[in-house]
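Visitor: Take a look at this one; I'll ask things after.
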Amino acid sequence: MQLPDNKVELARRGNKVVYDLGEKIAKVFNETKPVSDIFNEALNLARINECGIRSPKALEVSEVEGGGWALITSKVPGVTLAEKMAAEPGRFYEYLEQFVDLQIEIHSYRCPLLQRQVDKYDRMINSLDQLNASTRYDLLQRLDGMKTRRRVCHGDFNPTNVIVAEDGQLYVCDWAHATQGAPAADAAMTYLLFALQDKQQAEAYLEMYCNRADEPVQIVRSYMSIVAASELARKRGGANDEFLMSCIDVFDYQ
Ligand SMILES: Nc1ncnc2c1ncn2[C@@H]1O[C@H](COP(=O)(O)OP(=O)(O)O)[C@@H](O)[C@H]1O
Ligand SMILES: [Mg+2]
Numbered sequence: 003m004q005l006p007d008n009k010v011e012l013a014r015r016g017n018k019v020v021y022d023l024g025e026k027i028a029k030v031f032n033e034t035k036p037v038s039d040i041f042n043e044a045l046n047l048a049r050i051n052e053c054g055i056r057s058p059k060a061l062e063v064s065e066v067e068g069g070g071w072a073l074i075t076s077k078v079p080g081v082t083l084a085e086k087m088a089a090e091p092g093r094f095y096e097y098l099e100q101f102v103d104l105q106i107e108i109h110s111y112r113c114p115l116l117q118r119q120v121d122k123y124d125r126m127i128n129s130l131d132q133l134n135a136s137t138r139y140d141l142l143q144r145l146d147g148m149k150t151r152r153r154v155c156h157g158d159f160n161p162t163n164v165i166v167a168e169d170g171q172l173y174v175c176d177w178a179h180a181t182q183g184a185p186a187a188d189a190a191m192t193y194l195l196f197a198l199q200d201k202q203q204a205e206a207y208l209e210m211y212c213n214r215a216d217e218p219v220q221i222v223r224s225y226m227s228i229v230a231a232s233e234l235a236r237k238r239g240g241a242n243d244e245f246l247m248s249c250i251d252v253f254d255y256q
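And the structure:
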């Protein structure tokens with residue numbers, strides 16, 4: 003495919019650029035991204051579309067003229083919950099409530115063909131070269147001891163991935179890390195994503211999630227070292243690695 007000249011850049015990260023094409027959104031990855039990852043994100047999204055969760059429609063995976071591959075989805079006109087939270091700090095708790103309720107709603111869905119969460123965490127922990135064999139073993143033992151759950155988990159649920167549509171309905175994008183598994187693990191990941199930005203917001207999120215989901219905070223915390231290891235394996239790098247390593251230490255040996 004050829005990208006139109008009137009495309010508008012929405013976000014630029016390490017290995018991709020997200021463009022607004024008018025009616026559609028193109029997530030364009032550079033050549034370092036395995037093509038199978040892009041098809042996998044498209045497949046996850048198609049499955050999420052089919053189970054009825056409000057999300058952009060998966061439309062196409064195409065090779066882009068000039069290099070790389072793109073995932074094309076329908077556009078959900080609106081603003082992200084992250085933008086709303088930043089623009090109106092006084093309404094943070096109100097938006098946080100909507101965010102938490104949406105996550106709990108997603109956790110009520112089942113999608114039996116999605117990848118299993120334990121398999122994903124197992125693979126990510128095993129891929130970590132920053133951790134020695136004993137620490138990886140401890141983490142895998144801990145993962146093995148967790149109760150089996152099979153609920154839809156987004157895997158990267160944070161306010162930048164929630165779009166408030168023009169009619170006020172909430173849509174969730176960015177399903178690259180979706181799995182079926184334990185909601186508490188998904189909440190631990192969201193806590194960690196908040197904590198990488200703002201510790202106070204992270205604590206507020208955790209308290210609200212546990213209250214509204216009626217989930218013991220101890221279960222969410224028991225996943226913290228596992229999700230920190232899995233986030234570390236994504237190699238997004240920078241100053242965050244130190245914090246993630248500290249989460250693995252603190253939560254693994256307490
Ligand atoms: N279908 C969509 N409709 C509207 N905006 C979108 C859509 N998909 C992505 N965006 C916007 O682009 C941003 C980045 O897209 P996302 O899929 O989350 O990529 P990344 O993996 O880089 O986080 C989102 O935070 C959102 O603002
Ligand atoms: Mg995103």
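Numbering of the sequence shown is given in this note's numbering, commencing with residue 3 and proceeding in unit increments. In this text, a Cβ means the ideal position worked out from N, Cα and C, and glycines have one as well. Nothing here was measured: the structure is a model prediction, and the numbers come from that model.
Taking only heavy atoms of ligand 2 into account, decide whether any of them is closer than 7 Å to the Cβ of T162.
Guide: Translated into the one-based positions of the sequence shown, residue 162 becomes position 160. Because some heavy atom of ligand 2 lies under 7 Å away, the Cβ of T162 counts as near it: yes.
Visitor: Which value, in whole angstroms, describes the spacing of the CA atoms of S38 and V30?
Guide: As a position in the sequence shown, residue 38 is number 36, starting the count at 1. As a position in the sequence shown, residue 30 is number 28, starting the count at 1. Approximately 14 Å between the Cα atoms of the pair.
Visitor: Ends of the beta strand (DSSP E) at E168?
Guide: Walking along the sequence shown from the start, residue 168 turns up at place 166. Looking at the DSSP string, E168 is not in any beta strand (DSSP E), and its letter there is neither H nor E.
Visitor: For Q234 versus V222, is the C-beta distance shorter than 8 Å?
Guide: For the purposes of this step, residue 234 is taken as the residue at position 232 of the sequence shown. For the purposes of this step, residue 222 is taken as the residue at position 220 of the sequence shown. It is worth fixing the name first, because residue 234 is Leu in this sequence and not Gln. Cβ atoms of L234 and V222: not closer than 8 Å.
Visitor: Counting along the chain, where does the beta strand (DSSP E) carrying Q182 start and finish?
Guide: Along the sequence shown, one-based indexing puts residue 182 at 180. It spans 181–183 - the beta strand (DSSP E) in which Q182 sits, taken as one unbroken run.
Visitor: Ligand 1 and C249: does any heavy atom of the ligand fall closer than 7 Å to the residue's C-beta?
Guide: Taking the sequence shown and counting its residues from 1, the one referred to as residue 249 is at position 247. C249 Cβ: outside cutoff for every heavy atom of ligand 1.
Visitor: Tell me whether Y123 sits in a helix, a strand or coil according to DSSP, three-state version.
Guide: Numbered from 1 along the sequence shown, position 121 holds the residue referred to as residue 123. In this structure, Y123 counts as helix in the three-state DSSP scheme.
Visitor: Quick check: I165 and V63, are their CB atoms within less than 8 Å of each other?
Guide: Along the sequence shown, read from residue 1 onward, the residue named residue 165 stands at position 163. Along the sequence shown, read from residue 1 onward, the residue named residue 63 stands at position 61. It is not a contact, given that the beta carbons lie outside the stated cut-off.
Visitor: Cβ of D176 within 7 Å of any heavy atom in ligand 2?
Guide: Your numbering for residue 176 matches position 174 in the sequence shown. Yes; taking the cut-off as 7 Å, the Cβ of D176 has a heavy atom of ligand 2 nearer than that.
Visitor: I need the straight-line Cα distance from Y255 to I127, nearest angstrom please.
Guide: As a position in the sequence shown, residue 255 is number 253, starting the count at 1. As a position in the sequence shown, residue 127 is number 125, starting the count at 1. A caution first: Y255 carries a pLDDT of 48, below 50, which makes its placement in the model unreliable, though a value can still be read off. Cα to Cα, Y255 sits roughly 17 Å from I127.
Visitor: What residues are listed by DSSP as bridge partners for V63?
Guide: Locating residue 63 in the sequence shown gives position 61, counting from the first residue. Answer by DSSP bridge pairing, in chain order: L73.
Visitor: Using a Cβ-Cβ cutoff of less than 8 Å, which residues in the same chain neighbour L172 once the five nearest sequence positions on both sides are dropped?
Guide: As a first step, residue 172 must be located in the sequence shown, where it is residue number 170. Closer than 8 Å at Cβ, skipping near neighbours: R56, L83, Q100, L104, V164, I165, V166.
Visitor: Report buried or exposed for T34, applying the criterion of at least 16 other Cβ atoms within 10 angstroms of its Cβ.
Guide: In the sequence shown, the residue the question calls residue 34 occupies position 32. It is exposed - the Cβ of T34 has fewer than 16 other Cβ atoms within 10 Å.
Visitor: Less than 8 Å between the beta carbons of H156 and I106, yes or no?
Guide: The residue given as residue 156 occupies position 154 in the sequence shown. The residue given as residue 106 occupies position 104 in the sequence shown. No, Cβ-Cβ distance for H156 and I106 is not below 8 Å.
Visitor: Return the CA-CA distance between L265 and P36, expressed in angstroms with no decimal places.
Guide: Because the chain here runs from 3 to 256, residue 265 falls outside it and cannot be looked at.
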